[in-house]
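Here's the structure we're looking at; comments come further down.
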Amino acid sequence: MNRPDQDGAGRRTRFAIDAVTALRLVREDPGAGAHLPLVAPAALRSHAMSILYRDADAGLLDEKTARALLERVATLKVRLLGDRVSRATAWKIARQLGWHDTGQAEYLAVATLQADVLVAGDRDIAAAASGLVPLATYDDLRRA
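Numbering (the working numbering), first residue to last: 17 to 160.
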């Protein structure tokens with residue numbers, strides 16, 4: 017039986033992550049990207065910043081903590097993708113799902129093109145992944 021962090025050929029599993037997962041990683045294991053092959057769309061850092069800004073604006077986080085977490089996201093070792101193929105795939109996925117925006121589709125596109133599994137803390141992204149890309153849990157990612 018394969019380890020959860022390897023595919024059938026013994027190659028390390030590549031994990032696509034969303035902004036929610038990236039924020040969880042920098043809170044719980046800021047060095048995770050150094051030992052895990054992580055991929056995400058180029059917009060990951062902007063999406064993480066939006067989440068942190070909304071949380072700070074709503075009083076769920078103080079601004080100093082939010083900005084510190086944003087800095088950790090900036091140092092998270094993750095391969096960020098935004099090439100033509102990724103953008104075209106995100107467009108296609110957004111159309112297929114009937115979405116009015118491509119932002120969340122970018123995570124699905126990167127996962128289908130460059131990863132073995134997707135770890136999505138965002139419920140909408142996780143729900144849309146069904147039939148497009150295999151999902152893994154945050155615990156799977158941490159065990160890898």
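Glycine included, every Cβ here is placed at the ideal spot set by N, Cα and C.
Would you identify the three-state DSSP class for residue i, choosing helix, strand or coil?
i	result
residue 27	coil
residue 48	helix
residue 160	coil
residue 42	helix
residue 56	strand
residue 32	strand
residue 21	Its pLDDT being 48, under 50, residue 21 is placed unreliably by the model, and the measurement read from it follows with that caveat. Coil at residue 21, not helix or strand.
Alpha carbons only, please: which of the options is nearest the one belonging to residue i?
i	options	result
residue 129	110, 93, 105	105
residue 33	143, 140, 136, 69	136
residue 134	27, 46, 43, 56	56
residue 123	35, 29, 28	35
residue 101	75, 139, 93, 58	58
residue 83	47, 149, 62	62
residue 149	119, 92, 27, 127	127
residue 155	109, 44, 99	44
residue 147	65, 109, 28	109
Pull up the CB-CB distance for residue i and residue j, whole angstroms please, since I reckon it's below 8 angstroms.
i	j	result
residue 68	residue 96	The Cβ separation is near 18 angstroms, so there is no contact.
residue 31	residue 125	At roughly 15 angstroms, the Cβ-Cβ gap does not stay under 8 angstroms, so residue 31 and residue 125 are not in contact.
residue 94	residue 47	Incorrect: roughly 12 angstroms between the Cβ atoms, too far for contact.
residue 99	residue 120	Contact flag wrong, Cβ pair sits at about 18 angstroms.
residue 144	residue 151	About 10 angstroms; that fails the 8 angstroms criterion.
My parser needs the alpha helix (DSSP H) runs of 4 or more residues fully inside the segment 60-93; what are they? Taking only runs of at least 4 residues, the alpha helix (DSSP H) segments lying wholly in the segment 60-93 are 60-73, 79-91.
Run through the segment 97-149 for me and flag every whole alpha helix (DSSP H) of 4 or more residues, listed as ranges in chain order. Listed in chain order, the complete alpha helix (DSSP H) runs (minimum 4 residues) inside the segment 97-149 are 100-113, 119-130, 139-145.
Does the segment 43-55 come within contact of the segment 103-117, defined as at least 3 CB pairs closer than 8 angstroms? The answer is no - the segment 103-117 does not touch the segment 43-55, with fewer than three Cβ pairs under 8 angstroms.
Pairs of beta-carbons, one from the segment 81-97 and one from the segment 37-49, closer than 8 angstroms: are there three or more? The segment 81-97 is in contact with the segment 37-49.
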